[in-house]
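Novice: Got a structure for you, questions after.
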């Protein structure tokens, strides 16, 4: 069996370790070892753990950022509600995957501060999806498909906040699952939001 390229092995190992140990507890040394390469080889591809984390988010998790960027540039032929349904679906999946990775940072304030500084240098952070969805909704507003008096930023925060909530709110319940399927959740969030955006 042919071995995967080094960069692919590094990103896969980072995803697996960050999922199980969290971002705060995963070191580049552990990632390199799991990828079967040296730590120096890892740094040939990635300047920092933050850059590697962003690569994992972009390449190994549901494509939220790409979807938001594409819709802001060209809303396409679907209705706003159909687009919001797809955004809610992808966002819920994205946060379900990424929340366990990043949650460990909140237990270590100094590490969290270093991570946040690194993300700022890279022009990234958890505010980016809100900005992307806000840009999409403003595009729809200019096209007259969202009401002129609607607040795109508030709508973006409501939709994405619901998706974040879904990612962790039900783990303590008896069966550990949300009360709605992912598709039902996405449709109901989009339909409810549309009543305020119309």
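Residue numbers (the UniProt record's numbering): 1 to 198. All residues carry an ideal CB built from backbone N, CA and C; glycine is no exception.
For residue 176 versus residue 100, is the C-beta distance shorter than 8 Å?
Specialist: no
Novice: Grouping DSSP H, G and I as helix and E and B as strand, with all else coil, what is residue 61?
Specialist: Correct three-state label for residue 61: coil.
Novice: Do residue 190 and residue 84 have their CB atoms nearer than 8 Å?
Specialist: yes
Novice: Any chance the segment 118 to 133 sits against the segment 40 to 51, with 3 or more Cβ pairs inside 8 Å?
Specialist: yes
Novice: If I follow the unbroken alpha helix (DSSP H) through residue 29, where does it start and stop?
Specialist: Here the alpha helix (DSSP H) through residue 29 covers 28 to 35.
Novice: Looking at the structure shown, is residue 46 part of a helix, part of a strand, or coil, going by DSSP?
Specialist: coil
Novice: So, is residue 129 buried or exposed, given that buried needs 16 or more other C-beta atoms within 10 angstroms?
Specialist: Buried is the call here.
Novice: Please look up how many angstroms separate the CB atoms of residue 62 and residue 93, rounded, as I've assumed it's under 8 Å.
Specialist: 4 Å
Novice: Starting from the N-terminal side, write out each stretch of the alpha helix (DSSP H) that is 4 residues or longer and does not extend beyond the segment 61 to 98.
Specialist: 64 to 73
Novice: Measuring straight from C-alpha to C-alpha, what distance separates residue 104 and residue 144?
Specialist: 42 Å
Novice: Work out the CA separation of residue 2 and residue 36 for me, nearest whole Å.
Specialist: 14 Å
Novice: If you measure between the beta carbons of residue 132 and residue 69, is that distance less than 8 Å?
Specialist: yes
Novice: Candidates 7, 181, 183 and 135: which alpha carbon is nearest residue 56's?
Specialist: 7
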